[in-house]
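Here is the structure we will look at.
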Amino acid sequence: MIWLAVDMIVAAVVIGLLVNTPTAYRPSPIDPAAYEPGQVHPYLTRLSSDFYNGAQMQEPFDFVVDQDRFNQAIADWFEQANDVSLYCPAVVFQGGSAVFMATADLKGFEFIVTIAVEPRIDAQGMMSLHVNKVKVGSMALTPIARLIAGQMYGQRVAEGLIDADHWRAKLAAGLLGAETFDPVIKAEDKKVRVQAVSADRGKLVVRFAPTR
């Protein structure tokens, strides 16, 4: 009977870790008056305009994302993948990392998922996105989560479901495998390169410079 008691204690601890809510998880409430259903949130529209205008100027510029306003803009975000639903997202910019949190629902069982990403740029100007934390509740799953996601991404590329040369695919590859990639983004006929990234005190600041 001792082994049964031990198993029950372990199960209780695991469940407790899974259902724990991080203190930093504070999703913004949905404001139905902010914009019409089906429309893009005004703040996301502004960010898109800021990036486009900065790229067209062909001069170095800082692209700034405010944590609170961004969380308000994504408050109604919802994603469904197989039996898992993700909703009530919250992003925290702190300590050089962008921390994404959301509520996950798996067949009626709710838990908080946390992913922390640290952007890095090396001496050659190549960028990598280091996943330094993956948690479900308080339980750290970083190595196994990175391995499984990387294998799934590799399989999709091999099956031709993803264009590996697209900048979004390169971003995903860097995120999943800590691979470096050339951080060049095109805005119509102009191109800009990421020179530096900082994430701290509720602000994400990306330094762009024109490139060919």
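Residues in the sequence shown are numbered from 30 upward in steps of one, following my numbering.
Even for Gly, the Cβ is constructed at its ideal location relative to N, Cα and C.
In the DSSP assignment, ASP79 falls within the unbroken alpha helix (DSSP H) covering 71-86. Between VAL213 and PHE92, the gap from beta carbon to beta carbon reaches 7 Å or more. Taking PRO66 as reference, the option from SER114, GLN101, GLY154 and ASP105 with the minimal CA-CA separation is ASP105. Around the beta carbon of TYR72, 16 or more other beta carbons lie within 10 angstroms, which makes this residue buried.
Between the stretch 68-88 and the stretch 112-123 there are fewer than three inter-stretch CB-CB distances shorter than 8 Å, so the stretches are not counted as touching. Per DSSP, the beta bridge partners of ARG149 are SER157. Look at ASP91 here: in three-state DSSP terms it is strand. Straight through space, the alpha carbons of VAL142 and MET130 are spaced by roughly 6 Å. Pairing ILE144 with VAL165 gives a Cβ-Cβ distance that is not under 7 Å. Per the Cβ contact rule, the stretch 132-139 is not in contact with the stretch 87-103 (fewer than 3 Cβ pairs under 8 Å).
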